[in-house]
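The C-terminal residue of the sequence shown carries number 1709 in this note's numbering, and the numbering is unbroken. Note that the Cβ used here is the ideal one computed from N, Cα and C, for glycine as well. The structure under discussion appears below in the form of C-alpha cells.
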Amino acid sequence: MGPESDRPDLPREPLEPEGPRVGVDEWVASADRLQDRPTGVAGALRRAGEVVTPPIQLAIFAGLAATVPFWLGTGDLFTYGIFVLLYVLLGLGLNTIVGFAGLLDLGYVAFFGFGAYFYAILSSDHYGIHWPAIVTVPLPLLDPPGDEPAALRFTPRLDDKLAAARLLRMGQVVKVVVGFRGSFWRTIDGLHDVQFIHVFGRPLPTWWMPLDPEVPRLTGWAGGPHAARLAGKSLVALKDLAVRSLSDALGLSPGDVAPQLESLHLHDWTSDPLSRGAYTYVGVGGSEAYRTLGAPVANTLFFAGEATCGGGHNATMEGALRSGRRAATELLAR
Ligand SMILES: Cc1cc2nc3c(=O)[nH]c(=O)nc-3n(C[C@H](O)[C@H](O)[C@H](O)COP(=O)(O)OP(=O)(O)OC[C@H]3O[C@@H](n4cnc5c(N)ncnc54)[C@H](O)[C@@H]3O)c2cc1C
1376 MGPESDRPDL
1386 PREPLEPEGP
1396 RVGVDEWVAS
1406 ADRLQDRPTG
1416 VAGALRRAGE
1426 VVTPPIQLAI
1436 FAGLAATVPF
1446 WLGTGDLFTY
1456 GIFVLLYVLL
1466 GLGLNTIVGF
1476 AGLLDLGYVA
1486 FFGFGAYFYA
1496 ILSSDHYGIH
1506 WPAIVTVPLP
1516 LLDPPGDEPA
1526 ALRFTPRLDD
1536 KLAAARLLRM
1546 GQVVKVVVGF
1556 RGSFWRTIDG
1566 LHDVQFIHVF
1576 GRPLPTWWMP
1586 LDPEVPRLTG
1596 WAGGPHAARL
1606 AGKSLVALKD
1616 LAVRSLSDAL
1626 GLSPGDVAPQ
1636 LESLHLHDWT
1646 SDPLSRGAYT
1656 YVGVGGSEAY
1666 RTLGAPVANT
1676 LFFAGEATCG
1686 GGHNATMEGA
1696 LRSGRRAATE
1706 LLAR
C-alpha cells in the first residue's frame, strides 16, 4: 500500500468565493434588512427618504405643515385627527420612556401636561383660540377658597355654576388599611363569616374584613363627621386611634392588637388637594343644581363628573360614567 492510500478521505477545499468576503454578522444584518425592506408606497417613501438629504426633508415637511390650515378646518377629519395624533404622541412617549413594559411614570404624565399647557396658551387672551374642552373635576375644585393649589379659575367667572356648586355638599371619607402579621381575628368566635363590624362612637367606627380570609389585612373606615375629625392627622396619631378602635371592635385589649400590626396606609380624601372630599350629597334647595353644573358654557366648555349627574346617581361611579357620556355627546354634537 503506497503513501497515497494512507490519507483519510478529506473534504475538498472550498472554492474561493467570487466578489468581496462578507462576515457572518454583516451577512445576517443584510439578510434582515432585505427581509424588512417594505414594498409598495411605504417602500417607495423609505427609498426616497434615503436619497433626499435631511435639510430637504425638513423643508418638505415644513411646506406640507404650512398647508394644514387650508385643508384641515373643522369636522370629522379634524376631530379624529386630533385623537389619532394624541394617541400617537402618548404611545411614542410611553415607549420612549419605559420601553414596551407598559409601566407609567412621571415622564408619561408630562406628555399630558404638555397638551394641557399648549391648550391653555392657545386659549389665553393672547391667542383667543377656544377649542372645546370637558371640565371634569371634583366639585370643590371648581371653587376652592383662596389660592389653593390645583384650583380652577374661570375667566370670566362662571357665577351660575359657582352658585349651584354651593347648593351641594362634599361628603368626607378617611380609610386606614392596616396590615397584620397574621389573621389573628379569625380565631375569635362569631367572626368567621362577618364582612364588616361597626363599633359605634369610636374614631374609626367601621372595619371591613378582607374578601380572602387568608389576607392579614383590615380596613378601617370613617365617614361624615368622623372623617372630618380624622382629616389631616399624622400616621402616628392614626395608628393609635386605629389600634384602639379595632381592639374595641374585636373585644380585645390594645395590648393584644398593637404587636400584630405590621403596616398602615392612610387614604384621606378630605386632605387630598385634588379631591377635597369623597363624593357629593345634595344640600337644602340643591336638588336641581346638577343641571346648572352640567350645562355647557358658550358651546365650548362642557362639564362632567358625578356632581353633574341627576336622577339620584350623583356620588356614584354610575353617575360619573353617565355624566362623561352626556358631556362627550354634547361636545360631538356642537
Ligand atoms: C371612599 C370612597 C368610596 C366610594 N365607594 C363607591 C361605591 O361603592 N360605589 C360607587 O358607585 N361610588 C363610590 N364612590 C364614589 C365614586 O368613586 C365617585 O363618584 C366617582 O369616582 C367620581 O368620578 P368623577 O370622575 O366625577 O371624579 P374623580 O374620580 O374624583 O375624578 C376627578 C379627577 O380630577 C382630577 N383633578 C382635580 N383637580 C384637577 C385640576 N385642577 N386639573 C386637572 N385634574 C384635576 C383629580 O385628580 C381626579 O383624578 C366612592 C368614593 C370614595 C371616595
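In chain order, what residues of the same chain have a beta carbon less than 6 Å from the beta carbon of Gly1595, not counting five sequence neighbours either side? If you number the sequence shown from 1, residue 1595 lands on position 220. Only Val1551, Leu1579, Trp1582, Ala1617 meet the Cβ criterion.
By a C-beta neighbour count over all protein chains shown, 10 Å radius and 16 as the cutoff for buried, is Arg1697 buried or exposed? Reading the sequence shown from its first residue, position 322 is the one you call residue 1697. The residue in question, Arg1697, is buried, as its Cβ has 16 or more Cβ neighbours within 10 Å.
So Leu1639 and Val1549 are in contact, right, with Cβ under 8 Å, and what is the actual spacing, rounded? Locating residue 1639 in the sequence shown gives position 264, counting from the first residue. Locating residue 1549 in the sequence shown gives position 174, counting from the first residue. Contact doesn't hold; Cβ gap of about 12 Å is too wide.
With C-beta atoms as the reference, is Gln1635 less than 8 Å away from Gly1599? The count along the sequence shown starts at 1 and reaches residue 1635 at position 260. The count along the sequence shown starts at 1 and reaches residue 1599 at position 224. No, these two residues do not count as a Cβ contact at 8 Å.
In whole angstroms, what separates the C-alpha of Leu1537 from that of Leu1516? Within the sequence shown, the letter at position 162 stands for residue 1537. Within the sequence shown, the letter at position 141 stands for residue 1516. Cα-Cα distance, rounded: 11 Å.
Could you spell out the range, first to last residue, of the beta strand (DSSP E) harbouring Arg1592? Numbered from its first residue, the sequence shown carries residue 1592 at position 217. Segment 1592-1598, the beta strand (DSSP E) holding Arg1592.
At which residues does the alpha helix (DSSP H) containing Met1692 begin and terminate? Counted from its first residue, the sequence shown places residue 1692 at position 317. Its alpha helix (DSSP H) spans residues 1692-1707.
Could you tell me whether the Cβ atoms of Leu1706 and Pro1507 are closer together than 8 Å? For this step, residue 1706 is matched to residue 331 along the sequence shown. For this step, residue 1507 is matched to residue 132 along the sequence shown. Yes.
CB-CB under 8 Å to Ser1620, same chain, minus the five flanking residues each way: which ones, in chain order? Working through the sequence shown from its first residue, we reach residue 1620 at position 245. Excluding positions up to five away in sequence, the list reads Val1574, Arg1577, Pro1578, Leu1579, Pro1580, Trp1582, Gly1595.
Determine the extent of the alpha helix (DSSP H) in which Val1569 is found, giving its start and end residues. Position 194 of the sequence shown, counted from the start, is the residue given in the question as residue 1569. No alpha helix (DSSP H) holds Val1569; DSSP gives it neither H nor E.
Whose C-beta lies closer than 6 Å to the C-beta of Gly1669 among residues of the same chain, with five residues either side of it excluded? Against the sequence shown, residue 1669 aligns to sequence position 294. Answer for Gly1669: Phe1678, Thr1683, listed in chain order.
Express the C-alpha separation of Gly1503 and Glu1681 in angstroms, rounding to a whole number. In the sequence shown, counting from the first residue as 1, residue 1681 sits at position 306. In the sequence shown, counting from the first residue as 1, residue 1503 sits at position 128. Answer to the nearest angstrom: the Cα atoms are 30 Å apart.
Taking only three categories from DSSP, how would you classify Asp1615? The count along the sequence shown starts at 1 and reaches residue 1615 at position 240. It is helical.
Beta-bridge pairing of Arg1324 - partner residues as DSSP gives them: Outside the modelled stretch of the chain, which goes from 1376 to 1709, sits residue 1324, for which no answer is possible.
Which residue or residues does DSSP assign as beta-bridge partners of Ala1508? In the sequence shown, counting from the first residue as 1, residue 1508 sits at position 133. Its beta-bridge partners are Leu1676.
If contacts are defined as beta-carbon pairs under 8 Å, then Ala1702 and Ile1509 qualify, I think. What distance do you get, rounded to the angstrom? The residue you call residue 1702 lines up with position 327 of the sequence shown. The residue you call residue 1509 lines up with position 134 of the sequence shown. Sure, about 5 Å apart at Cβ, within 8 Å.
Enclosing alpha helix (DSSP H) for Asp1643 [first to last residue]: Walking along the sequence shown from the start, residue 1643 turns up at place 268. No alpha helix (DSSP H) holds Asp1643; the beta strand (DSSP E) holding it covers 1636-1643.
Take Glu1523 and list the residues in its own chain whose beta-carbon comes closer than 7 Å to its own, dropping the five residues that flank it on each side. Reading the sequence shown from its first residue, position 148 is the one you call residue 1523. Around Glu1523: Pro1648.
Considering only the alpha carbon of each residue, which of Ala1440, Ala1525, Asp1535 lies closest to Arg1666? The residue labelled residue 1666 in the question sits at position 291 within the sequence shown. The shortest Cα separation from Arg1666 among Ala1440, Ala1525, Asp1535 belongs to Asp1535.
Taking the continuous alpha helix (DSSP H) assigned at Thr1723, which residues delimit it? Because residue 1723 is not part of the residues shown, which for the chain are 1376 to 1709, the question remains open.
Limits of the beta strand (DSSP E) - the one that Thr1581 falls within: As a first step, residue 1581 must be located in the sequence shown, where it is residue number 206. Run containing Thr1581: 1581-1583, per the beta strand (DSSP E) assignment.
Could you check what DSSP says for Val1574 in three-state terms: helix, strand or coil? What you label residue 1574 is simply residue 199 of the sequence shown in a count that begins at 1. Looking at Val1574 - three-state DSSP - the assignment turns out to be coil, as it is neither helix nor strand.
Which residue's Cα is closest to the Cα of Gly1626: Asp1615, Gly1565, Ala1495? Indexing the sequence shown from 1 puts residue 1626 at position 251. Nearest option by C-alpha distance: Gly1565.
Mind checking which residues open and close the alpha helix (DSSP H) that includes Gly1352? This structure cannot settle anything about residue 1352, because the visible part of the chain is limited to 1376 through 1709.
Going by C-alpha distance, which of Val1611, Arg1556, Glu1425, Ala1602 is nearest Glu1589? Mapped onto the sequence shown, residue 1589 falls at position 214. Here the closest residue by C-alpha is Arg1556.
In or out: Ser1650 buried (at least 16 other Cβ within 10 Å) or exposed? Within the sequence shown, numbered from 1, the residue matching residue 1650 stands at position 275. Buried, since its Cβ has 16 or more Cβ neighbours within 10 Å.
Is it true that the CB of Leu1605 sits closer than 8 Å to the CB of Ala1597? What you label residue 1597 is simply residue 222 of the sequence shown in a count that begins at 1. What you label residue 1605 is simply residue 230 of the sequence shown in a count that begins at 1. For Ala1597 and Leu1605, yes; Cβs fall inside 8 Å.
Give the range of the alpha helix (DSSP H) segment to which Ala1526 is assigned. The residue given as residue 1526 occupies position 151 in the sequence shown. Element bounds for Ala1526: n/a, residue is neither H nor E.
Pick out whichever of Ala1540, Met1584, Leu1543, Phe1571 has its Cα sitting closest to the Cα of Ser1558. As a first step, residue 1558 is located in the sequence shown; it is residue number 183 there, counting from the start. Selected option, being the one with the closest Cα: Met1584.
Should Pro1444 be labelled buried (16 or more other beta-carbon atoms within 10 Å of its own) or exposed? Residue numbering aside, residue 1444 sits at position 69 when the sequence shown is read from its first letter. Classification for Pro1444: exposed.
Would you kindly report the start and end of the unbroken alpha helix (DSSP H) that includes Leu1668? Here residue 1668 refers to the residue found at position 293 when the sequence shown is read from its first residue. It spans 1664-1669 - the alpha helix (DSSP H) in which Leu1668 sits, taken as one unbroken run.
Mind checking whether the beta-carbon of Trp1644 lies closer than 7 Å to any heavy atom of ligand 1? What you label residue 1644 is simply residue 269 of the sequence shown in a count that begins at 1. Yes, ligand 1 has a heavy atom inside 7 Å of this Cβ.
Check whether the Cβ atoms of Thr1442 and Leu1543 sit closer than 8 Å, and answer yes or no. To locate residue 1442, count along the sequence shown from 1; it is residue 67. To locate residue 1543, count along the sequence shown from 1; it is residue 168. No, these two residues do not count as a Cβ contact at 8 Å.
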